[in-house]
Amino acid sequence: MNPETRRLILVTPDSIEHTREIFELLLGENLKGRKEFIESDGYRYLDLADIS
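Mind the numbering: the sequence shown is residues 1 to 52 in the UniProt record's numbering, read in order.
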């Protein structure tokens with residue numbers, strides 16, 4: 001990340017349990033579950049992706 005443009009923001013999740021489940025799904029060892037999630041729901045997050 002470019003030190004000139006990066007920023008630190010405070011994130012306050014609405015549901016701690018849901019946040020934990022998503023972190024586990026996306027960063028955990030369940031590769032099959034992660035792939036299934038990306039295939040079925042990934043399109044919802046394309047506008048948020050910084051792929052420039």
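Don't be surprised by glycine CBs; every beta carbon is placed ideally from N, CA and C.
Can you tell me where the alpha helix (DSSP H) with residue i in it begins and where it stops?
i, result
"Leu-8", "Taken as a continuous stretch (DSSP letters only), Leu-8 belongs to no alpha helix (DSSP H), as it is neither H nor E."
"Arg-34", "31-41"
Can you give the Cα-Cα distance for residue i and residue j, rounded to whole angstroms?
i, j, result
"Val-11", "Tyr-45", "17 Å"
"His-18", "Glu-24", "10 Å"
"Leu-26", "Arg-34", "6 Å"
"Glu-39", "Asp-14", "25 Å"
"Ile-22", "Phe-37", "10 Å"
"Asn-2", "Lys-32", "32 Å"
"Glu-29", "Arg-20", "14 Å"
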